[in-house]
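Protein chains in written order, with the working numbering: chain X, 63 to 405; chain W, 20 to 283.
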Amino acid sequence: MPNKDTYQISFAILIAILFFCFFINISLGSVSIPFKDIFNSLIGNATEQETWQHIIRNYRLPKAITAIIVGSGLGVSGLLMQTLFRNPLAGPFVLGISSGASLGVALIILGSSIFGGILGLLFISKWGIVIAASLGSFLVLLAVLAVSLKLRDTMAILIIGLMFASITAAIVSVLSYFGSAEQLQQYIFWGFGSLGNLSWEDVIVLFTIYTIGILLAISATKSLNTLLLGENYSTSLGLNIKKSRFIIIISTSLLAGTITAFTGPIAFIGLAIPHITRQVFNTSNHKILLPAVFLLGAIVMLVCDSISQLPNSDYTLPINAITSLVGAPVVIWLLVKKRKMIF
Amino acid sequence: MARKNQNIILKTKDLTIGYATKKLKTIVASDINIELKQGELVGLIGANGIGKSTLLRTLTNVQNPLEGDIFINNTALKKYAPTDLAKVMSLVLTEPVASKNLSVFELVALGRQPYTNWFGKLSKTDLDIAHSALEQTNILELKDKKCFELSDGQLQKVMIARALAQDTDLIILDEPTTHLDMYHKAYILKLLQKLAKETGKTILFSSHEIDLAIQLCDTLIVMTDTKVVSDTPCNLISKGTFETLFPKDLIAFDEKTGSFRVKK
Numbered sequence: 063m064p065n066k067d068t069y070q071i072s073f074a075i076l077i078a079i080l081f082f083c084f085f086i087n088i089s090l091g092s093v094s095i096p097f098k099d100i101f102n103s104l105i106g107n108a109t110e111q112e113t114w115q116h117i118i119r120n121y122r123l124p125k126a127i128t129a130i131i132v133g134s135g136l137g138v139s140g141l142l143m144q145t146l147f148r149n150p151l152a153g154p155f156v157l158g159i160s161s162g163a164s165l166g167v168a169l170i171i172l173g174s175s176i177f178g179g180i181l182g183l184l185f186i187s188k189w190g191i192v193i194a195a196s197l198g199s200f201l202v203l204l205a206v207l208a209v210s211l212k213l214r215d216t217m218a219i220l221i222i223g224l225m226f227a228s229i230t231a232a233i234v235s236v237l238s239y240f241g242s243a244e245q246l247q248q249y250i251f252w253g254f255g256s257l258g259n260l261s262w263e264d265v266i267v268l269f270t271i272y273t274i275g276i277l278l279a280i281s282a283t284k285s286l287n288t289l290l291l292g293e294n295y296s297t298s299l300g301l302n303i304k305k306s307r308f309i310i311i312i313s314t315s316l317l318a319g320t321i322t323a324f325t326g327p328i329a330f331i332g333l334a335i336p337h338i339t340r341q342v343f344n345t346s347n348h349k350i351l352l353p354a355v356f357l358l359g360a361i362v363m364l365v366c367d368s369i370s371q372l373p374n375s376d377y378t379l380p381i382n383a384i385t386s387l388v389g390a391p392v393v394i395w396l397l398v399k400k401r402k403m404i405f
Numbered sequence: 020m021a022r023k024n025q026n027i028i029l030k031t032k033d034l035t036i037g038y039a040t041k042k043l044k045t046i047v048a049s050d051i052n053i054e055l056k057q058g059e060l061v062g063l064i065g066a067n068g069i070g071k072s073t074l075l076r077t078l079t080n081v082q083n084p085l086e087g088d089i090f091i092n093n094t095a096l097k098k099y100a101p102t103d104l105a106k107v108m109s110l111v112l113t114e115p116v117a118s119k120n121l122s123v124f125e126l127v128a129l130g131r132q133p134y135t136n137w138f139g140k141l142s143k144t145d146l147d148i149a150h151s152a153l154e155q156t157n158i159l160e161l162k163d164k165k166c167f168e169l170s171d172g173q174l175q176k177v178m179i180a181r182a183l184a185q186d187t188d189l190i191i192l193d194e195p196t197t198h199l200d201m202y203h204k205a206y207i208l209k210l211l212q213k214l215a216k217e218t219g220k221t222i223l224f225s226s227h228e229i230d231l232a233i234q235l236c237d238t239l240i241v242m243t244d245t246k247v248v249s250d251t252p253c254n255l256i257s258k259g260t261f262e263t264l265f266p267k268d269l270i271a272f273d274e275k276t277g278s279f280r281v282k283k
């Protein structure tokens, strides 16, 4: 069994990899910038060309920070859901939480013409989208939870999640029928997912809400460990199930909702990262898993973003496609190789 | 506290159990007056569907009694805060634990949750208690195994160790011997007997192993269609309580061997 020391070594390695990936991520892009100048601009020194500094400080740096927030946030929210629903297949996507966020955003972007004029314009601000996405994901999560209380069958919960995704898709297509071409385009681009569209102000807003979500997740560590025994055992251990469940759900919907709002739906990170982490660390203890999922999620997201940039070319692939291409095989591999996905 | 009450851990007074909806009350059993003393091994027996689970669910505060009161350590069950109740009563349920990826030690250490801080940090004392719970249940060598690697019998010992680690006056087990072979049925019940004696904890379990329960328990609670009786196994045999346990067409109780025989 790995003891404390080996965990510490693993964490040290992960942190080193994270810094490395962070630096690589910043160094790569459509404009090739020498390493020396990247380093200089990061520590505040002047670079050879003024534009390089601008590119790094106002484009690549917020994007890299967003990648870290998105990877760690979605990973943690996936972990929380897998434990709460006692289901290894749970994740923001499978349970329809991302669909909920999409629905919220669709209502704002596409529905603004229906709601009309000034009201619509008011809603369409960045904050409006954030709030709508968070609300959407929160409501879907509540609905899934309500169903999960009635049906103990975990397969049923997953099917419910898929149904919510279908309903969302249906409503979105109805809305898009009425929406203008411009609005539709805006929504579709949002749906591709992108880490690069965030200004510093956006990053700060995202970071603030994300921090609240992460802090709530940390505060739930003990309950999460207790919940590994199942709800009846947890009750017999004096755990206030309702309160813990509430905290976990708020944390998840804040994380998944806001991240989806700012970057668009990003698939498979929430599902795959917790599983990879369990394989690497061979434990279910959330005191280890939480920070490990955090680091691994950030690393994987930085790598995916670096790939999607297609270094030294002018093309950028949709980040959602990259995470799916990376994440889906991992999930299949886990199912085939390990036979069962334990959590 | 009166001296004579001091060692009564669990007591029910005119308890009626069952299910209540707005319109309908379904009474499962009534006039239940039982007293469980410190360090006793108590078996709860009765036919399928007679209400053993309902009684256990009521005693463990999962469902409310229709009438009457339950006292644990002379305090009404309803007055316990959840964390305080977790310090006087621990459970071993029939359901499997949700995560099979826990190691045995981690699972047993989770029994210390009511005593740890907000982060669930295990102190030296917590670790020691978890360790000795493993020793008492003879599973120290399984410490680092994952739960999915264990047999049913081993897993049941782990669950008992977890309840021990919770360090409560009362341990309640719901059918701890189901799914086990004959040897392990006897092993588990014998282990419970040893634990009750050595640790002074009161252990209540429901079971269908009537002959084993007669041999090992200090007290038996027998649920029949008409009443709930609690007494020592010997007294129950001489009172003929076991004859009333089942319909008489197939099996009969043999007083000499203390077991049921199929009618020829």
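Heads up, the beta-carbon is just placed ideally off N, CA and C, and yes, glycines get one too. This structure is a prediction, so every number in the text was calculated from the model and none was measured.
Going by beta carbon distance, what residues of the same chain come within less than 8 Å of residue i, once the five residues before and after it are set aside?
i, result
"threonine 35(W)", "Ile46, Ala48, Ser49, Asp50, Ile51, Pro84, Leu85, Glu86 and Gly87"
Excluding the 5 residues preceding and the 5 following residue i in the sequence, name in chain order all residues of the same chain whose CB lies nearer than 7 Å to its CB.
i, result
"asparagine 92(W)", "Ile28, Val107 and Asp188"
"threonine 385(X)", "Ile328, Ala329, Phe330, Ile331 and Cys366"
"asparagine 24(W)", "Summary for asparagine 24(W): the model assigns pLDDT 47, below 50, so the residue's position carries little reliability, and this model does not support an answer."
"threonine 109(X)", "Asp99, Asn102, Ser103 and Gln115"
"valine 116(W)", "Leu126 and Cys166"
"phenylalanine 269(X)", "Ile131"
"glutamate 293(X)", "Ile303"
From this set, the options, which residue's C-alpha is nearest residue i's C-alpha?
i, options, result
"valine 132(X)", "Asn149(X), Tyr239(X) and Leu357(X)", "Leu357(X)"
"threonine 221(W)", "Thr238(W), Tyr206(W) and Leu174(W)", "Thr238(W)"
"alanine 39(W)", "Leu75(W), Gln82(W), Leu211(W) and Ile179(W)", "Gln82(W)"
"proline 154(X)", "Ala129(X), Gly326(X) and Leu291(X)", "Gly326(X)"
"leucine 257(X)", "Leu397(X), Gln371(X) and Cys83(X)", "Gln371(X)"
"glycine 198(X)", "Val234(X), Gln144(X) and Leu352(X)", "Val234(X)"
"leucine 278(X)", "Ser306(X), Val267(X) and Ile321(X)", "Ser306(X)"
"aspartate 67(X)", "Leu237(X), Ile361(X), Ile350(X) and Leu387(X)", "Ile350(X)"
"glutamate 369(W)", "Thr263(W), Leu192(W) and Lys164(W)", "Any answer about residue 369(W) is impossible in this case: the structure gives chain W only from 20 up to 283."
"glutamate 274(W)", "Glu125(W), Leu255(W), Gly172(W) and Gln185(W)", "Leu255(W)"
"valine 177(W)", "Thr79(W), Gln212(W), Ala149(W) and Leu43(W)", "Ala149(W)"
Comparing the C-beta of residue i with each C-beta of chain X, is any distance below 7 Å?
i, result
"valine 123(W)", "no"
"serine 142(W)", "no"
"phenylalanine 261(W)", "no"
"alanine 105(W)", "yes"
"leucine 169(W)", "no"
"alanine 117(W)", "yes"
"phenylalanine 224(W)", "no"
"proline 195(W)", "no"
"proline 84(W)", "no"
"phenylalanine 173(W)", "The sequence given here places glutamine at residue 173(W); phenylalanine does not occur at that position. Taking Cβ atoms only, chain X never reaches closer than 7 Å to glutamine 173(W), which makes this a no."
"glycine 139(W)", "yes"
"asparagine 120(W)", "yes"
"threonine 102(W)", "yes"
Buried or exposed for residue i, going by 16 or more other Cβ atoms inside 10 Å?
i, result
"alanine 152(X)", "buried"
"isoleucine 338(X)", "buried"
"tyrosine 239(X)", "exposed"
"isoleucine 271(X)", "buried"
"tyrosine 202(W)", "exposed"
"serine 249(W)", "buried"
"cysteine 253(W)", "exposed"
Please report whether the beta-carbon of residue i lies at a distance below 7 Å from any beta-carbon of chain W.
i, result
"serine 196(X)", "no"
"leucine 290(X)", "yes"
"glycine 300(X)", "yes"
"proline 68(X)", "Note that residue 68(X) is threonine in the sequence shown, not proline. It does not: the Cβ of threonine 68(X) has no partner Cβ on chain W nearer than 7 Å."
"threonine 314(X)", "no"
"serine 210(X)", "no"
"serine 89(X)", "no"
"arginine 307(X)", "no"
"asparagine 294(X)", "yes"
Please return the same chain residues whose Cβ sits closer than 6 Å to the Cβ of residue i, not counting the five positions on each side in sequence.
i, result
"histidine 348(X)", "Thr283, Leu286 and Asn287"
"alanine 66(W)", "Phe265"
Discussion item. Below 8 Å, how does it come out for the region 218-230 of chain W and the region 274-282 of chain W: are there three or more Cβ pairs, yes or no?
Written reply: yes
Worksheet item: If we count Cβ pairs, one from each stretch, closer than 8 Å, do we get three or more for the region 145-164 of chain W versus the region 94-104 of chain W?
Response: no
Worksheet item: Pairing CB atoms from the region 363-382 of chain X with CB atoms from the region 305-317 of chain X, are three or more of them under 8 Å?
Response: Cβ pair count under 8 Å is below three, so no.
Discussion item. When you compare the region 240-251 of chain X with the region 159-176 of chain X, are there three or more beta-carbon pairs, one atom per stretch, that lie closer than 8 Å?
Written reply: Remark: three or more beta-carbon pairs, one from each stretch, lie closer than 8 Å, so the region 240-251 of chain X and the region 159-176 of chain X are flagged as touching.
Discussion item. With a threshold of 8 Å, are at least 3 pairs of Cβ atoms found where one atom belongs to the region 393-400 of chain X and the other to the region 52-66 of chain W?
Written reply: Cβ pair count under 8 Å is below three, so no.
Practice prompt. Mind the definition here: the region 188-207 of chain W touches the region 133-142 of chain W only if three or more C-beta pairs lie below 8 Å; say whether that holds.
Written response: In this structure the region 188-207 of chain W does not lie against the region 133-142 of chain W, because fewer than three pairs of beta carbons, one per stretch, are closer than 8 Å.
Worksheet item: Using 8 Å as the Cβ pair cut-off and three pairs as the minimum, do the region 261-273 of chain X and the region 113-131 of chain X touch?
Response: yes
Worksheet item: Okay, do the region 196-212 of chain X and the region 156-168 of chain X touch, 3+ Cβ pairs below 8 Å being the bar?
Response: yes
Discussion item. So, does the region 238-257 of chain W touch the region 66-79 of chain W, judging by three or more C-beta pairs under 8 Å?
Written reply: yes
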